[in-house]
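These notes are about the structure you will find just below.
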Amino acid sequence: MRNLGLLFLFFIQLGCNDQVVEKLNGVSFVASRDKVSQEHVDAVRNVNAKCAAVMPFGFIRDKDSPEIIFDTSRQWFGETRTGARQYIDILHENGLKVMLKPQIWISRGEFTGNLIMNSEEKWKALEISYTNFIMEYATLAQETQADAFCIGTELEQFVDHRPQYWTGLIKQIRSVYEGKLTYAANWDEYGRTPFWDDLDFIGIDAYFPLSDEKTPTVEQLRRGWQPHKEKIRSLALTKKKPIIFTEYGYRSNNYTAKKPWLVDHSKDDVNLEAQANATKAIFEEFWKEEWFAGGFVWKWFIDHEKAGGINDNRFTPQNKPAQEVIKSFYKLY
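Note that my numbering has the sequence shown beginning at 291, numbered continuously upward.
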């Protein structure tokens with residue numbers, strides 16, 4: 291098993307004065323139609339990232355369906371088991387850590403937190419299907435020596451209604467995978483997630499509302515963080531577990547910090563300054579904290595030269611001022 295000692299040493303006893311060794315400064319490496327090449331990895335290294343989240347996908351036809359379809363010939367290469375292995379291997383060859391983070395996509399972009407079954411029969415079918423899905427990738431995580439494994443992403447209703455299932459699933463995952471485990475709880479979910487004691491990191495997708503301003507300043511955004519930060523810190527110290535932002539990031543549009551979780555396909559209202567300010571504020575608030583382990587920016591496309599740009603209002607920081615903010619802070623930590 292890959293030696294994780296240095297990476298996780300300073301999180302063992304929170305609250306002490308252990309010196310920070312290294313943050314998990316990462317990118318959310320978007321699954322593509324294509325294989326990853328060296329130039330794609332070079333772009334990640336050029337922003338001083340030390341790790342990447344690799345994200346194969348399973349698909350559900352609607353939020354009432356218990357069947358997860360995964361690892362099929364109809365999926366993009368990066369969404370499959372074979373693709374995830376190729377991504378992990380080339381990232382490791384370049385000295386980057388990897389968190390394997392299999393995710394669910396519900397048709398028409400339905401929020402995964404609303405995945406809920408209307409009968410015991412369907413719940414049991416979903417549990418069987420999810421176990422098959424997640425154990426396939428837990429096995430891959432062990433085979434590829436992935437440095438961490440995320441057991442689920444934003445599945446609030448599933449977790450809330452079936453807590454015993456998740457406790458058993460974690461035990462099953464640990465029976466095949468020897469590395470570190472987390473779960474990616476949504477920003478408004480993490481305080482109720484019942485199984486943090488069984489994992490190694492408290493994972494949060496950090497889309498917290500911070501400001502109603504069109505172009506909030508860094509100072510306004512840092513003030514907006516304070517009530518959220520105190521709750522996060524309190525949980526970390528209570529559970530004696532490090533916090534990791536399994537996803538963090540902002541769109542390059544107006545009001546980016548008002549409802550950072552919103553996704554639409556409009557192409558107007560590009561606001562590069564707002565994205566850069568919000569990115570700087572999250573670094574200034576969290577990266578210096580001993581109880582904070584780092585995070586994975588959402589999101590990073592493998593073909594860097596064609597991604598993002600100054601006319602793009604989506605989440606990726608690529609080829610925008612926010613990219614330089616990330617590069618400078620990732621160099622510091």
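By construction, the Cβ of each residue, glycine as well, lies at the ideal position given by its N, Cα and C atoms.
Between W515 and A436, the C-beta spacing is not below 8 Å. Annotated as proximal: Y623 and W577, with beta-carbon spacing under 8 Å. Annotation: the continuous beta strand (DSSP E) that includes Q393 extends over Q393 to I396. Distance from the CA of N567 to the CA of K617, rounded to the nearest whole angstrom, comes to 14 Å. Straight across, the Cα-Cα distance linking T402 with T457 is about 20 Å.
For I350 and E357, the gap between their C-alpha atoms comes out near 6 Å. Under the three-pair Cβ rule at 8 Å, the stretch 491 to 502 counts as touching the stretch 532 to 552.
The stretch 363 to 383 makes no contact with the stretch 413 to 422: fewer than 3 CB pairs, one atom from each, lie closer than 8 Å. Using a 10 angstroms sphere on the CB of I394, the tally of other CB atoms reaches 16 or more, which defines it as buried. Using a 10 angstroms sphere on the CB of D602, the tally of other CB atoms reaches 16 or more, which defines it as buried. Proximity to G585 across V326, H330, C341 and E329 peaks at C341, based on C-alpha coordinates. C-alpha of I522 to C-alpha of L500: approximately 15 Å in a straight line. Contact between W486 and K548 does not hold, since the beta-carbon distance rounds to 29 Å and is not under 8 Å.
With respect to the 8 Å criterion, V388 and Q432 are not classified as neighbours on the basis of their beta carbons. Cβ neighbours of E369 within its own chain (closer than 6 Å, five residues either side excluded): A321, P346 and F347. According to the DSSP secondary-structure assignment, G399 is paired through a beta bridge with no residue.
Cβ atoms of W413 and R452 come within 8 Å of each other, at about 6 Å. With a beta-carbon spacing of about 6 Å, E503 and Q510 fall inside the 8 Å limit used to define contacts.
Between Y620 and N338, the C-beta gap is smaller than 8 Å, which places the two residues in contact. Collapsing the DSSP output to three states places G373 in a helix. Here Y480 has I494 as same chain residues with Cβ atoms under 6 Å from its own Cβ, once five neighbours each way along the sequence are excluded. One alpha carbon belongs to Q365, the other to R323, and they sit about 8 Å apart.
In the DSSP annotation of this structure, W413 is not part of any beta strand (DSSP E); the continuous alpha helix (DSSP H) holding it starts and ends at E410 to E433. Secondary structure of G442 (DSSP, three-state): strand. Cα atoms of T362 and Y455: separation of roughly 26 Å, rounded to the nearest angstrom. Annotation for I572: the continuous alpha helix (DSSP H) segment containing it runs L562 to F576.
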